[in-house]
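Residue numbers (our numbering): 10 to 233.
What follows is a short report on a single structure.
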Amino acid sequence: MRRILLVRHGQSEMNLIQAKIVGGQSNSSPLTPLGEWQADALGRHLARLLHPHPAPALVASSTAVRASDTARRLLAAAGLPAVEVEESEALLELDQGEWEGAARAECYTAAALAAIQADPWHFAAPGGESQADVERRATAHVLEGVMPRLRPGGPPGVVVAHGLTIKCFLRGVLGSAPANSWKIRLDNTAVVEVGWVDSGPAAGWHLLRVNDAAHLLAEGVELS
10 MRRILLVRHG
20 QSEMNLIQAK
30 IVGGQSNSSP
40 LTPLGEWQAD
50 ALGRHLARLL
60 HPHPAPALVA
70 SSTAVRASDT
80 ARRLLAAAGL
90 PAVEVEESEA
100 LLELDQGEWE
110 GAARAECYTA
120 AALAAIQADP
130 WHFAAPGGES
140 QADVERRATA
150 HVLEGVMPRL
160 RPGGPPGVVV
170 AHGLTIKCFL
180 RGVLGSAPAN
190 SWKIRLDNTA
200 VVEVGWVDSG
210 PAAGWHLLRV
220 NDAAHLLAEG
230 VELS
């Protein structure tokens, strides 16, 4: 089995106001002090996730500051500062177009909510992306940029991305209904692990863990 650890970034400044403001990609939003602590905690516990391998096969992240900083902090805390972080726009969060930075109450009107409910997978904010768009680009990057560099039984790849990006990718892995993307909890720096079996009766994707935040609970770090 070839394994991938999908990590949501640490808490960012945008996370603190996203209940009122549409965050979208917000690529320049930095980690909060709590987000830095969360990333460091994951790094200190990374060996458990990599076992029995001393280092990941690769580390990728989106180009957003909160994701790339999470990747570099966890590697430093794991004693692996020399590992390169490979950044890609394909791993960015959902682009909310004209809605980014606007008040949620002004964007999510009754009409908009009805349109989302009618077709959650293809709805897009003006000038933005749909969840289907996010799934396509993220999945393409995993299949073309990550999977070919992994080997069965070898060390996993680590991909640091965003909540909805990871959930959209999981929809394809599970072949689930689009609305299920809103029903998966994924805390900051929590880990989702997937594996791929090349052949045989069990060939294809396997979901190995979801929202693993044991590193935060072990150190008494706040979930967010």
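Idealized CB from N, CA, C, for every residue including glycine.
Keep in mind the model is a prediction, meaning the values are calculated, not measured.
- Looking at S208, V219, E115, S37, the one whose alpha-carbon comes closest to that of D78 is S37.
- For secondary structure counted as the beta strand (DSSP E) over 3 or more consecutive residues, the segment 184-213 holds these complete runs in sequence order: 200-206.
- Contact between V206 and V182 fails: their C-beta atoms lie close to 13 Å from each other, not under 8 Å.
- By DSSP's assignment, I30 forms a beta bridge with A112.
- In this structure P210 is exposed. Its beta-carbon is surrounded by fewer than 16 other beta-carbon atoms within 10 angstroms.
- In the three-state DSSP reduction, R160 falls in the coil class, being neither helix nor strand.
- Excluding five sequence positions before and after L83, the CB atoms of its chain that fall closer than 6 Å to its own CB belong to A48, L51, G52, given in chain order.
- Within a 10 Å sphere around the beta-carbon of P165 sit 16 or more other beta-carbons, which makes this residue buried.
- Contact between S21 and R81 fails: their C-beta atoms lie close to 15 Å from each other, not under 8 Å.
- Pairing V200 with L15 gives a Cβ-Cβ distance under 8 Å.
- Check the Cα spacing between R194 and each of D104, T72, L122, H171: the tightest is with H171.
- DSSP places D128 in the coil class of the three-state scheme, outside both helix and strand.
- If you look at E228, you'll find it in the alpha helix (DSSP H) that goes 223-228.
- Secondary structure note for S71: its beta strand (DSSP E) is the uninterrupted segment 67-71.
- Apart from sequence neighbours up to five positions away, the residues of its chain that approach G137 with a beta-carbon distance below 6 Å are D104, Q105, G106, ordered along the chain.
- The residue among A147, E144, T118, R145 with its C-alpha nearest the C-alpha of A134 is T118.
- Checking the DSSP bridge columns, you'll see E95 partnered with A69.
- The Cβ atoms of S70 and L40 lie no closer than 8 Å to each other.
- Boundaries of the alpha helix (DSSP H) around G44: 42-53.
- DSSP places L15 in the uninterrupted beta strand (DSSP E) bounded by 11-17.
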